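Participant: Quick note, the sequences are listed as chains A and B, same order. Each residue of the first sequence is one higher than the last, beginning at 10 in this note's numbering. Each residue of the second sequence is one higher than the last, beginning at 17 in this note's numbering. Quick one: this structure, given as structure tokens, is what I'll be asking you about.
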Amino acid sequence: MIPEIGHFALILALFVALALGLLGVIGGQQGRDDWMALARPGAQALWLLTAFSFGCLTYAFYTNDFSVSYVAQHSNSKLPGLYRVAGVWGGHEGSLLLWHFMLTSWMLAVSIFSRQLPDAMVSRVLGLLGLVAVGFLLFMLITSNPFLRLSDVPTDGRDLNPLLQDPGLVFHPPMLYMGYVGFAVPFAFSIAALLNGRLDAAWARWSRPWATAAWIFLTLGIALGSWWAYYELGWGGWWFWDPVENASFLPWLVGTALMHSLAVTEKRGLFRNWTIVLAITAFSLSLLGTFLVRSGVLTSVHAFASDPKRGVFILLFLSVVVGGSLTLFAMRASKVRSGGSFALVSRETFLLVNNVLLTTAAASVLLGTLYPLIVDALNLGKLSVGPPYFNSVFAPIMVPVLLFMVVGSFARWKSDSATELAKRLSPVGIASVVLGSTAPLLAGAWSALAALGLTLAFWIVLASLLQIYQQLRNTVNWKSTPISYWGMHLAHVGIAVCVVGITMVKGYETEKDVRMVIGDTVSVGGYTFRLTGIRTEAGPNYHADVGDVELIREDRVLRTLHPEKRIYFSSTMPMTEAAIDTSLVRDVYVSLGERLEDGKNPAWAMRVYHKPFITWIWGGCLLMALGGAMAALDRRYRKKAASFAATPVKNGALV
Amino acid sequence: MKKAMIPLGIFLVLVVFLAIGLTRDPREVPSPLINKAAPAFTTTRLQAADQPFSAKDMLGQVWLLNTWASWCVACRQEHPVLMEFAKTKTLPIVGLDYKDKETDGLKWLARFGNPYDITVTDKDGRIGIDYGVYGVPESFLIDKAGVIRYKQIGPVTEEALRDKIIPLVRELQK
């Protein structure tokens with residue numbers, strides 16, 4: 010009964026979303042108060058129905074209701090409780106329901122935190138989001154219903170994919186989807202503003218905290234995914250340029266550009282068309298990502314079962330949403346007037362340059378991702394584009410981005426003097442080059458790439474510190490500096506931290522693959538690993554071989570690590586559970602490979618890694634997200650609409 | 017107005033490609049090399065750089081040329097299937113380590129196991145170009161006379177082995 014109620018709630022949600030979409034958008038356009046008044050309660054009702062439906066599916070999972078086809082395929086009575094809940098989004102149908110639930114959660118948030126916005130704007134925005142929800146509800150109900158029953162009830166379920174049975178599943182998909190779907194909000198604001206014809210500073214100011222919030226979730230989601238892959242896949246890698254990873258990275262790149270472009274549009278009234286295109290692109294890339302992942306047109310390690318009917322539906326949906334938006338843009342763009350002008354050397358220029366570079370980076374990642382598909386469509390064959398392409402194309406674009414990033418926060422709006430900027434920044438530049446090119450010597454071996462990476466990181470940190478110092482010296486009361494100012498610098502420093510991590514791992518990681526019998530030792534990066542024993546253990550739904558590996562430095566045993574090799578009952582593929590000893594400056598990582606020889610003294614393949622500074626990659630992401638949160642929470646965004654126009658542009662702060 | 021049409025134009029082109037992509041099975045593409053002589057090449061072995069290998073060495077036997085690389089994700093997928101197949105000793109399998117660093121290739125084999133009777137290197141991808149390799153993995157079944165009789169694009173799967181490759185090998189080995 011419960012699954013039927015959940016299914017029914019989804020059908021009701023479809024009608025609510027349809028009504029919200031039509032009444033909200035038309036009401037907002039025609040200024041009908043009675044229709045506009047329905048927008049907020051409509052969005053809240055949609056959230057309630059979706060949450061209820063989501064709850065029903067979770068209940069079916071938790072109670073092992075294998076008469077529901079989706080539960081039977083993705084759960085098992087032996088599955089631990091945590092994964093019976095997280096397993097809800099362990100497959101296609103449930104992922105979509107999670108997607109839709111996240112969308113309605115953003116709508117709920119807009120309906121609550123929009124008191125300062127004009128009703129017509131709220132009505133249009135919620136209406137447009139309602140229309141997006143209609144698309145996803147139809148998709149679910151027509152092609153991917155999670156509540157379908159089986160007439161022939163199996164005694165047990167097929168179990169959740171063992172790769173997904175990890176705490177990572179609990180946090181990574183919800184964060185990532187929250188970020189993905191979050192770009193629907195700035196998208197809806199942009200379309201609403203295009204419909205309205207008023208692309209003013211107020212529009213940019215309303216969009217900013219939402220774009221930033223989506224970006225925060227996406228940053229965290231990507232970082233969690235990368236960390237998960239690092240410890241779960243047992244290869245020690247943290248980024249593979251897999252199509253599905255790229256699908257999440259593309260909106261991140263464009264979203265980063267969008268946040269900065271919105272800042273210029275709000276402060277100076279410039280780049281309006283550019284901001285609109287970025288807002289549409291960020292959300293389109295989220296939808297495109299959904300298409301690529303769910304339709305099976307590309308092969309990926311995230312191999313999901315694909316169904317051509319689903320692909321056709323998403324492609325149609327994508328065409329309507331993106332095609333419609335871009336057509337509207339083409340019709341309205343000429344009416345958008347840009348305010349004011351700016352000199353060649355100015356903050357605007359640096360922001361524009363970096364935005365163009367970020368967009369170029371996104372375009373080249375997109376090209377690499379779609380290239381196999383394009384080549385296939387042109388009957389040229391099938392190929393796979395690997396990390397060599399992405400690394401060689403992406404890294405050179407990022408170097409100037411990192412270089413200009415902090416120059417932008419130094420330069421004044423409108424016009425600045427190049428000599429003055431050079432004078433202020435040259436000590437920082439010299440210090441960064443000196444520090445950056447000597448630091449690799451401390452790490453053991455000098456390499457040009459390590460020196461470049463570390464120089465850029467020092468450059469960002471030192472320049473940000475200098476900027477903060479100057480800002481504090483120029484203001485009487487440091488409390489008057491808005492919190493978003495600190496957020497910006499924290500996020501920039503986060504990028505530097507991330508760059509340090511990537512540079513150090515790329516330049517100085519060491520790894521060894523060895524055959525070990527009990528009692529053997531292997532050394533890597535100044536650490537010695539001794540295999541002292543291997544025993545078998547039984548988990549709730551798997552058997553495991555567990556190694557005891559002593560981690561030794563300078564003849565002292567630091568701790569014992571326990572890498573595992575698990576065989577889940579439901580699958581014959583062995584899963585690696587690496588054991589990692591983490592500290593601030595390095596990870597040491599052991600993973601247990603195949604058993605090479607049986608007998609009295611069995612031999613095992615072992616992989617050991619020493620990865621300097623690898624946690625800085627994710628730590629940097631955390632700082633970026635924290636910085637983003639500080640920027641989004643700025644008091645200004647909560648002010649009433651009336652006081653907007655009077656706020657002067659603060660000197661020296663891009664906030 | 018014109019400039020504002022550009023994003024829409026780009027998007028429409030993209031949709032056309034995505035739509036064509038949907039109708040394709042990304043793995044099934046005929047090769048112009050089928051029933052042509054396998055391009056000759058001479059290169060070095062991965063494990064023993066001083067021992068040259070030439071495609072001519074294989075004349076008189078039916079063999080499988082499998083291109084792979086340590087950076088290739090799909091190869092990891094294919095690898096267990098090849099490992100099993102190699103155990104049956106149906107025919108010699110020659111691995112071509114495509115556009116890869118030798119140390120990476122060796123590490124990969126040490127880590128995942130070595131299904132190849134002979135492994136040779138194609139560091140700059142030149143042999144791959146001669147064979148029309150678009151992406152790894154791709155495999156070529158070559159007969160006693162050195163003619164390519166079958167090409168597997170993408171990972172060799174159990175189905176492909178059972179339904180196509182093994183029956184063809186049996187016939188060619190007669």
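All C-beta atoms in this analysis are idealised placements derived from N, C-alpha and C, irrespective of residue type, glycine included. Nothing here was measured: the structure is a model prediction, and the numbers come from that model.
Please classify F196 (chain A): does DSSP put it in a helix, a strand, or coil?
Facilitator: In the first sequence, residue 196 (chain A) corresponds to position 187, counting from 1. In the structure shown, F196 (chain A) sits in a helix (DSSP, three-state: H, G or I).
Participant: So for T502 (chain A), helix, strand or coil by DSSP?
Facilitator: Numbered from 1 along the first sequence, position 493 holds the residue referred to as residue 502 (chain A). Going by the sequence as given, residue 502 (chain A) is Val instead of Thr. Here V502 (chain A) sits in helix by DSSP.
Participant: Any beta carbon of chain A sitting closer than 9 Å to that of L157 (chain B)?
Facilitator: As a working note, residue 157 (chain B) is residue 141 in the second sequence. Cβ-Cβ to chain A under 9 Å: no for L157 (chain B).
Participant: Cα separation between R43 (chain B) and S393 (chain A)?
Facilitator: Here residue 43 (chain B) is taken as the residue at index 27 of the second sequence, counted from 1. Here residue 393 (chain A) is taken as the residue at index 384 of the first sequence, counted from 1. Low confidence applies to R43 (chain B): its pLDDT is 49, below 50, so where it sits in the model is not reliable enough to give any reading.
Participant: For V470 (chain A), which residues in the same chain have their Cβ closer than 8 Å to its Cβ, ignoring the five residues on either side in sequence?
Facilitator: By one-based count along the first sequence, residue 470 (chain A) stands at place 461. V502 and A505, listed in sequence order.
Participant: Just curious, the beta strand (DSSP E) that V617 (chain A) is in, first and last residue?
Facilitator: Here residue 617 (chain A) refers to the residue found at position 608 of the first sequence. Start and end: A612 to P621.
Participant: Using beta-carbon positions only, say whether G462 (chain A) and G445 (chain A) come within less than 9 Å of one another.
Facilitator: By one-based count along the first sequence, residue 462 (chain A) stands at place 453. By one-based count along the first sequence, residue 445 (chain A) stands at place 436. Contact: yes.
Participant: Among residues of its own chain, excluding the 5 on either side of W237 (chain A), which ones have a beta-carbon nearer than 7 Å to its beta-carbon?
Facilitator: As a position in the first sequence, residue 237 (chain A) is number 228, starting the count at 1. For W237 (chain A), where only same-chain residues beyond five positions count, the Cβ hits under 7 Å are D175, G177 and H181.
Participant: Among A:A342, A:V508, A:P405 and A:S270, whose alpha-carbon lies nearest the alpha-carbon of R356 (chain A)?
Facilitator: Along the first sequence, one-based indexing puts residue 356 (chain A) at 347. That would be A:S270, whose Cα lies nearest to the Cα of R356 (chain A).
Participant: Taking C-beta pairs closer than 7 Å, name the residues in chain A that G121 (chain B) reaches, listed in chain order.
Facilitator: The count along the second sequence starts at 1 and reaches residue 121 (chain B) at position 105. None at all; the shortest Cβ gap to chain A is about 13 Å.
Participant: Quick check on the DSSP output: the beta strand (DSSP E) that includes I164 (chain B) runs from which residue to which?
Facilitator: Reading the second sequence from its first residue, position 148 is the one you call residue 164 (chain B). Counting along the chain, the beta strand (DSSP E) containing I164 (chain B) begins and ends at I164 to I169.
Participant: Using a threshold of 9 Å, state whether the C-beta atoms of G170 (chain B) and A90 (chain B) are closer than that.
Facilitator: Here residue 170 (chain B) refers to the residue found at position 154 when the second sequence is read from its first residue. Here residue 90 (chain B) refers to the residue found at position 74 when the second sequence is read from its first residue. Yes, these two residues count as a Cβ contact at 9 Å.
Participant: Roughly how many whole angstroms lie between the Cα atoms of L125 (chain B) and H83 (chain A)?
Facilitator: Position 109 of the second sequence holds residue 125 (chain B). Position 74 of the first sequence holds residue 83 (chain A). Approximately 33 Å between the Cα atoms of the pair.
Participant: Round the Cβ separation of I109 (chain B) and D146 (chain B) to the nearest angstrom and send it over; I've been treating them as touching at under 8 Å.
Facilitator: Residue mapping note: residue 109 (chain B) aligns to position 93 of the second sequence, counting from 1. Residue mapping note: residue 146 (chain B) aligns to position 130 of the second sequence, counting from 1. Wrong, their Cβ atoms sit about 19 Å apart, outside the cutoff.
Participant: Skipping 5 residues on each side, what residues in its chain have a beta carbon closer than 6 Å to that of M111 (chain A)?
Facilitator: If you number the first sequence from 1, residue 111 (chain A) lands on position 102. Cβ within range, chain order: Y186, M187 and V190.
Participant: Can you pull the chain B neighbours of V321 (chain A), defined as C-beta to C-beta under 8 Å?
Facilitator: Here the question's residue 321 (chain A) lines up with position 312 in the first sequence. Ordered by position in chain B, the residues that pass the 8 Å Cβ test against V321 (chain A) are L38.
Participant: Sorted by chain position, which residues of the same chain lie with C-beta nearer than 6 Å to S132 (chain A)'s C-beta, five sequence neighbours on each side aside?
Facilitator: As a position in the first sequence, residue 132 (chain A) is number 123, starting the count at 1. Once the five neighbours on either side are set aside, the close Cβ partners of S132 (chain A) are G33, G36, G37, M45 and A48.
Participant: CB-CB under 7 Å to R604 (chain A), same chain, minus the five flanking residues each way: which ones, in chain order?
Facilitator: Locating residue 604 (chain A) in the first sequence gives position 595, counting from the first residue. Closer than 7 Å at Cβ, skipping near neighbours: P611 and W613.
Participant: Run through DSSP, which three-state label would T173 (chain B) get?
Facilitator: Within the second sequence, numbered from 1, the residue matching residue 173 (chain B) stands at position 157. DSSP places T173 (chain B) in coil when its eight states are reduced to three.
Participant: Would you mind stating whether N82 (chain B) and P153 (chain B) have Cβ atoms separated by less than 9 Å?
Facilitator: One-based indexing of the second sequence puts residue 82 (chain B) at position 66. One-based indexing of the second sequence puts residue 153 (chain B) at position 137. Their beta carbons are under 9 Å apart, which means N82 (chain B) touches P153 (chain B) by this criterion.
Participant: If the criterion is Cβ atoms closer than 9 Å, does the pair S257 (chain A) and G298 (chain A) meet it?
Facilitator: Within the first sequence, the letter at position 248 stands for residue 257 (chain A). Within the first sequence, the letter at position 289 stands for residue 298 (chain A). In this structure, G298 (chain A) lies closer than 9 Å to S257 (chain A) by Cβ.
Participant: Around the Cβ of F24 (chain A), are there at least 16 other Cβ atoms within 10 angstroms (buried) or fewer (exposed)?
Facilitator: Taking the first sequence and counting its residues from 1, the one referred to as residue 24 (chain A) is at position 15. By the neighbour-count rule (16 or more Cβ atoms within 10 Å), F24 (chain A) is not buried but exposed.
Participant: What span of residues does the alpha helix (DSSP H) with D522 (chain A) cover, start to end?
Facilitator: The residue given as residue 522 (chain A) occupies position 513 in the first sequence. Looking at the DSSP string, D522 (chain A) is not in any alpha helix (DSSP H); the run it does join, the beta strand (DSSP E), is T519 to V526.
Participant: How close, in whole Å, do the beta carbons of D168 (chain A) and N550 (chain A) come, if the pair is a contact with beta carbons under 8 Å?
Facilitator: Locating residue 168 (chain A) in the first sequence gives position 159, counting from the first residue. Locating residue 550 (chain A) in the first sequence gives position 541, counting from the first residue. That belief holds up - the Cβ atoms of D168 (chain A) and N550 (chain A) are roughly 7 Å apart, short of 8 Å.
Participant: Could you tell me whether the Cβ of W84 (chain B) comes closer than 9 Å to any Cβ of chain A?
Facilitator: On the second sequence, residue 84 (chain B) is found 68 positions in, with the first residue counted as 1. No, because no Cβ of chain A sits closer than 9 Å to the Cβ of W84 (chain B).
Participant: Could you spell out the range, first to last residue, of the beta strand (DSSP E) harbouring D557 (chain A)?
Facilitator: Position 548 of the first sequence, counting from 1, holds the residue named residue 557 (chain A). It spans Y551 to R562 - the beta strand (DSSP E) in which D557 (chain A) sits, taken as one unbroken run.
Participant: Inspect the beta-carbon positions of Q63 (chain B) and T135 (chain B) and report whether they are closer than 9 Å.
Facilitator: Counting from one through the second sequence, the residue named residue 63 (chain B) turns up at place 47. Counting from one through the second sequence, the residue named residue 135 (chain B) turns up at place 119. Contact flag set, yes.
Participant: Between the stretch 142-161 of chain A and the stretch 224-242 of chain A, do at least 3 Cβ pairs fall closer than 8 Å?
Facilitator: Verdict: no, contact absent.
Participant: Compute the beta-carbon to beta-carbon distance between L233 (chain A) and R341 (chain A), rounded to the nearest angstrom, for a pair I have assumed lies under 8 Å.
Facilitator: Taking the first sequence and counting its residues from 1, one reaches residue 233 (chain A) at position 224. Taking the first sequence and counting its residues from 1, one reaches residue 341 (chain A) at position 332. In fact, because the Cβ distance is near 38 Å, the residues do not count as touching under 8 Å.
Participant: Does the beta-carbon of T530 (chain A) have 16 or more other beta-carbons within 10 angstroms, so that it is buried, or is it exposed?
Facilitator: Taking the first residue of the first sequence as 1, we reach residue 530 (chain A) at position 521. Classification for T530 (chain A): exposed.
Participant: Using the beta-carbon count (16 or more within 10 Å), is K344 (chain A) buried or exposed?
Facilitator: To locate residue 344 (chain A), count along the first sequence from 1; it is residue 335. K344 (chain A) should be labelled exposed.
Participant: State yes or no: is the beta carbon of F682 (chain A) nearer than 9 Å to at least one beta carbon in chain B?
Facilitator: Since the first and last residues shown for chain A are 10 and 664, residue 682 (chain A) lies out of range.
Participant: Find the nearest neighbour of V134 (chain A) within the set A:G144, A:M513 and A:M116, judged by alpha-carbon distance.
Facilitator: One-based indexing of the first sequence puts residue 134 (chain A) at position 125. Here the closest residue by C-alpha is A:M116.
Participant: Within the stretch 117-163 of chain A, note down every full alpha helix (DSSP H) run reaching 4 residues or more, in order along the chain.
Facilitator: The qualifying runs are 128-152.
Participant: If you measure from the beta carbon of D643 (chain A) to each beta carbon in chain B, is any gap under 9 Å?
Facilitator: The residue you call residue 643 (chain A) lines up with position 634 of the first sequence. Chain B contact via Cβ: absent.
Participant: Verify the CB distance criterion: does R178 (chain B) have a CB-CB separation below 9 Å to chain E?
Facilitator: Among the protein chains of the structure shown, namely A and B, there is no chain E.
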